[in-house]
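*Asks:* Below: one structure in structure tokens.
There are 2 protein chains.
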Amino acid sequence: MATSTVSRALRGLPGVSKATRVRIRKIAADLGYQASPSASRLATGVTGTVAVVVPDATKWFFGQVISGAGSAIRAAGRDVLLYELGDSEGRRRFFSQQVLRGRADAVMVLSLSLTQQEAGMLQALNLPVVLLGHSSEYFGSVRVDERAAARTAVGHLVDLGHRRIGLIGIDDEREATAGSAAPPSRVAGSRQSLLAAGIPLEDALQQFGPNSVDGGAAAMERLLSAPVPPTGVFVSSDEMAFGAMEAARAAGLDIPRDMSLVGFDNHDLARVMDLTTIDQDVRGQGAAAAELLLRALEPPGSGAARQTRIINTHLVKRGTTSAPATAATRSARPSRKTRQQP
Amino acid sequence: MATSTVSRALRGLPGVSKATRVRIRKIAADLGYQASPSASRLATGVTGTVAVVVPDATKWFFGQVISGAGSAIRAAGRDVLLYELGDSEGRRRFFSQQVLRGRADAVMVLSLSLTQQEAGMLQALNLPVVLLGHSSEYFGSVRVDERAAARTAVGHLVDLGHRRIGLIGIDDEREATAGSAAPPSRVAGSRQSLLAAGIPLEDALQQFGPNSVDGGAAAMERLLSAPVPPTGVFVSSDEMAFGAMEAARAAGLDIPRDMSLVGFDNHDLARVMDLTTIDQDVRGQGAAAAELLLRALEPPGSGAARQTRIINTHLVKRGTTSAPATAATRSARPSRKTRQQP
DNA sequence: CTGAAAGCGCTTACAG
DNA sequence: CTGAAAGCGCTTACAG
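Chains as they are written, first to last, in my numbering: chain R, 1 to 342; chain E, 343 to 684.
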């Protein structure tokens with residue numbers, strides 16, 4: 001029994017008689033023998049590993065992607081190497097040294113707007129790369145139609161009768177999450193929607209901040225200090241929307257009577273917070289990105305990874321949106337909290 | 343320039359003249375040369391990788407641990423291999439085949455109450471193992487003093503004057519999270535506290551369910567259907583507490599007037615939900631577990647991983663707890679939502 | 001269908 | 001301090 005025969009038998013390659021295959025497998029099972037990963041890697045040049053690069057593993061969004069992508073990757077018999085960038089220093093380190101070299105067969109990069117050099121470095125790796133949440137001319141990507149989703153969100157506010165509509169966008173430049181940002185098209189889509197409704201854009205009604213509860217609260221506070229504050233706000237993430245709700249209530253506003261809010265994500269807790277939001281099947285996006293990569297790793301898989309897959313979104317109407325209060329109802333009705341009313 | 347000299351120079355081993363070391367490093371930098379990980383692994387038997395095993399990467403708790411442990415592991419120049427168990431089938435697969443064999447130098451296992459066989463399999467790996475959130479006679483562990491924390495939580499309710507106190511515990515046996523469970527000692531601590539206050543235990547006031555918003559809501563519904571429902575409840579996780587809040591409000595109760603709630607975790611959103619809870623520095627627990635493992639991997643590191651590290655907890659008082667309403671105030675004051683009142 | 005041999009790219013005694 | 005050689009445990013043409 002030469003090692004070559006054992007190798008072929010265990011991997012199910014042709015050229016081994018059924019009898020010896022069975023015998024070898026039985027012995028291997030009895031002995032608990034497994035081929036050494038390091039040795040196979042060296043011999044084949046294949047690591048059997050997919051790297052998942054995230055800005056911050058503590059964010060709900062990334063947890064969903066890691067889980068969705070991870071289960072697809074594991075189902076394909078491959079390992080998940082997790083790279084968390086952390087801060088901008090971590091991002092620099094990751095992209096300057098070729099950390100992934102020889103450690104993964106494919107790379108998934110989440111929610112990063114890549115600079116020219118960063119894209120170049122990823123290409124130099126000469127591995128299938130798929131982006132999630134952003135697109136690039138160089139790599140495949142999975143994302144939602146940000147424009148359409150934003151139009152739906154803002155359109156919902158317009159349909160309810162709102163005319164002063166604020167926008168809270170993501171801008172993490174001063175943040176630990178390494179410059180991760182929601183696609184600018186999300187903001188662009190909102191603007192389109194406002195213009196289509198004949199609502200003029202106002203700088204004071206567009207605020208940006210880091211993607212966190214506190215970032216959303218701060219942005220809402222800025223919106224409320226506008227000469228004429230908005231009656232409805234589209235917030236680029238649910239976490240920011242939670243903060244915005246908190247800030248609006250702290251300012252004595254009733255939601256949705258004095259302030260309507262639409263989020264983005266359909267976070268696990270959006271239902272509890274009774275937040276109207278855009279669902280964007282984040283887990284599904286992770287799985288789709290993994291599939292693109294796995295397909296690129298299949299035998300024929302040349303550039304199969306270089307595709308764009310668009311995931312559907314839909315509006316989930318909940319209790320944070322309603323028609324704006326008229327001046328009359330505003331003073332007539334006593335301020336009362338509403339979201340827990342069954 | 344023999345490969346052996348290059349190898350020594352690049353790894354900073356002694357026995358290389360300063361001149362050649364400098365020259366070799368310069369050339370390597372110019373060429374962007376890096377030693378092949380697969381080849382070094384095969385030659386040394388060291389993978390430079392730490393495996394982190396989690397039941398479910400989408401849970402807030404695990405995201406925090408992954409982040410805290412991951413950044414310590416990465417800072418030590420090692421890679422993070424992420425294993426998400428998913429469902430009980432995934433758990434079975436993980437523990438039956440020796441998936442980690444030859445893929446990691448150390449293993450961190452989160453929030454799993456290990457069976458005898460599972461512990462045996464981990465030991466057979468012959469690698470440093472550290473548990474997080476559970477302890478075991480066989481492995482090192484990082485956790486909080488569950489009993490003390492639970493006593494603090496329940497003690498807070500007792501101090502406020504509550505005498506009918508409910509308990510919501512975690513029991514994921516029917517759940518996808520692979521039997522992850524909060525330590526039984528958390529429940530035990532609560533019971534101690536009740537007994538110390540002279541409050542008899544009642545089965546109807548102890549409910550268990552999966553660690554999720556829905557699990558918490560369902561458990562609260564069961565508590566509310568008790569002959570005499572509790573006026574205060576200690577919930578074993580913040581996510582469950584969010585669900586419990588929702589269910590209590592849906593039943594027309596005002597929090598904290600009709601129902602006080604103490605959670606466990608100090609989840610990112612606990613502040614927004616104004617939830618009184620036990621903070622248990624989850625990120626710090628992850629970092630501590632990583633340090634235990636990293637220390638065990640150091641040259642002298644024999645059984646350094648086999649320690650128990652206890653992380654401090656503290657009560658964070660917020661708006662979901664107050665003295666129980668007396669019968670008088672209960673009918674006198676109109677039902678009103680309170681948490682947003684600044 | 002089976003086996004012997006070379007090679008993957010490092011590291012580590014061992015000589016010099 | 002430097003280099004030549006063996007070895008880590010696989011896989012893959014190549015012979016038989």
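The beta carbon of each residue, even a glycine, is placed where N, CA and C say it ideally should be. Quick caveat, the model's predicted, so the values are computed rather than measured.
Indicate whether at least one CB of chain R lies closer than 7 Å to the CB of L424/E.
*Replies:* Closer than 7 Å: yes.
*Asks:* In its own chain, which residues sit with a C-beta less than 6 Å from the C-beta of G628/E, not counting the 5 before and 5 after it?
*Replies:* Result list for G628/E: V407, G410, A411, in chain order.
*Asks:* Can you name the start and end residues of the beta strand (DSSP E) that T548/E belongs to?
*Replies:* Position check: residue 548/E holds Gln in this sequence, whereas Thr was assumed. Per DSSP, Q548/E belongs to the beta strand (DSSP E) from 548-551.
*Asks:* So the beta strand (DSSP E) I66/R belongs to, where does it begin and stop?
*Replies:* Counting along the chain, I66/R falls outside any beta strand (DSSP E), though it belongs to the alpha helix (DSSP H) covering 60-75.
*Asks:* What are the residues that DSSP puts in a beta bridge with E426/E?
*Replies:* V396/E, per the DSSP bridge assignment.
*Asks:* How would you call K26/R, buried or exposed, if buried means at least 16 neighbouring beta carbons within 10 angstroms?
*Replies:* So K26/R counts as exposed.
*Asks:* Under 7 Å between beta-carbons, which chain E residues line up against E246/R? List them in chain order, please.
*Replies:* Near E246/R (Cβ distances below 7 Å), the residues of chain E are V614.
*Asks:* At which residues does the beta strand (DSSP E) containing T663/E begin and terminate?
*Replies:* It is not in any beta strand (DSSP E) - T663/E carries neither H nor E in the DSSP assignment.
*Asks:* Please confirm whether A290/R and A72/R have their CB atoms less than 7 Å apart.
*Replies:* Yes, the pair counts as a contact, with Cβ atoms nearer than the cut-off.
*Asks:* Report the CB separation of T668/E from L603/E in whole angstroms; it is logged as a contact under 8 Å.
*Replies:* That belief does not hold up - the Cβ atoms of T668/E and L603/E are roughly 19 Å apart, past 8 Å.
*Asks:* Using a Cβ-Cβ cut-off of 7 Å, state whether G405/E counts as contacting chain R.
*Replies:* Judged by the 7 Å Cβ criterion, G405/E is in contact with chain R.
*Asks:* State buried or exposed for S4/R, treating a residue as buried only when at least 16 other CB atoms are found within 10 Å of its CB.
*Replies:* It is exposed - the Cβ of S4/R has fewer than 16 other Cβ atoms within 10 Å.
*Asks:* Could you confirm whether any beta carbon from chain R is found closer than 7 Å to the beta carbon of I620/E?
*Replies:* Answer no: the Cβ-Cβ gap between I620/E and chain R never drops below 7 Å.
*Asks:* Mind checking who S17/R pairs with in its DSSP beta bridge?
*Replies:* Partner(s): none; S17/R has no beta bridge.
*Asks:* Give every residue of the same chain whose Cβ lies closer than 6 Å to the Cβ of A518/E, excluding the five residues on either side of it in the sequence, and list them in chain order.
*Replies:* In this predicted model, A518/E has a pLDDT of only 38, less than 50, meaning its place in the structure is not dependable; the value taken from the coordinates is given anyway. The answer, listed in chain order, is D429.
*Asks:* Would you kindly report the start and end of the unbroken alpha helix (DSSP H) that includes T344/R?
*Replies:* Chain R is shown from 1 up to 342; residue 344/R falls before or after that span and cannot be answered.
*Asks:* Just to check my reading of the structure: V233/R and A244/R have Cβ atoms closer than 8 Å, yes? What is that Cβ distance to the nearest angstrom?
*Replies:* About 6 Å separates the two Cβ atoms, so the contact holds.
*Asks:* At which residues does the beta strand (DSSP E) containing G511/E begin and terminate?
*Replies:* Here the beta strand (DSSP E) through G511/E covers 507-512.
*Asks:* Where A491/E and R528/E are concerned, what is the direct C-alpha to C-alpha distance, given to the nearest angstrom?
*Replies:* Near 8 Å, if we compare the C-alpha coordinates of R528/E and A491/E.
*Asks:* Check this for me: beta carbons of T650/E and I620/E, under 7 Å apart or not?
*Replies:* Against a cut-off of 7 Å, the Cβ pair of I620/E and T650/E comes out as no contact.
*Asks:* Which bits of chain E does I66/R rub up against, with CB to CB less than 9 Å?
*Replies:* The contacting residues are A399, T400, G405, I408, L424, E426.
*Asks:* Check the Cβ-Cβ distances between A631/E and every residue of chain R, and say whether any is below 7 Å.
*Replies:* For A631/E, the answer is no, since every Cβ of chain R falls outside 7 Å of its Cβ.
*Asks:* Starting from the C-beta of T573/E, find all residues in its chain whose C-beta is less than 8 Å away, skip the five residues before and the five after it, and write them out in chain order.
*Replies:* H504, R505, R506, I507, D600, M601, S602, P666, A667, listed in sequence order.
*Asks:* Count the other C-beta atoms from every protein chain shown that fall within 10 angstroms of the C-beta of E640/E, then say buried if there are 16 or more, exposed otherwise.
*Replies:* When all chains shown are included, E640/E counts as exposed.
*Asks:* How would you list, in chain order, the residues of chain R whose beta-carbon sits under 9 Å from the beta-carbon of V312/E?
*Replies:* The first residue shown for chain E is 343 and the last is 684, placing residue 312/E beyond what the model contains.
*Asks:* If you draw a straight line from the C-alpha of L509/E to the C-alpha of S532/E, how long is it?
*Replies:* So the alpha carbons of these two residues sit roughly 8 Å apart.
*Asks:* In whole angstroms, what is the alpha-carbon distance linking G12/R and P210/R?
*Replies:* Each residue's Cα considered, the two are about 51 Å apart.
*Asks:* State buried or exposed for Y375/E, treating a residue as buried only when at least 16 other CB atoms are found within 10 Å of its CB.
*Replies:* Burial call: exposed.
*Asks:* Would the beta-carbon of D105/R fall within 7 Å of that of T44/R?
*Replies:* It is not a contact, given that the beta carbons lie outside the stated cut-off.
*Asks:* Work out the CA separation of R420/E and I597/E for me, nearest whole Å.
*Replies:* Roughly 47 Å separates the two Cα atoms.
*Asks:* Output, in chain order, the set of chain E residues within a Cβ distance shorter than 8 Å of A39/R.
*Replies:* Those are L384, listed as they occur along chain E.
*Asks:* Helix, strand or coil: which one does DSSP assign to L99/R?
*Replies:* Note that residue 99/R is Val in the sequence shown here, rather than Leu. V99/R: coil per DSSP, three-state reduction.
*Asks:* Taking C-alpha atoms, which residue in G605/E, Q465/E, A344/E lies nearest to R493/E?
*Replies:* The option with the nearest alpha carbon to R493/E is G605/E.
*Asks:* How about R101/R: is its C-beta nearer than 7 Å to some C-beta of chain E?
*Replies:* For R101/R, the answer is yes, since a Cβ of chain E falls inside 7 Å of its Cβ.
*Asks:* Report yes if the C-beta distance between L315/R and H156/R is below 7 Å; otherwise report no.
*Replies:* For L315/R and H156/R, yes; Cβs fall inside 7 Å.
*Asks:* Please report how far the alpha carbon of L131/R lies from the alpha carbon of Q117/R, in whole angstroms.
*Replies:* Going from the Cα of L131/R to the Cα of Q117/R covers about 16 Å.
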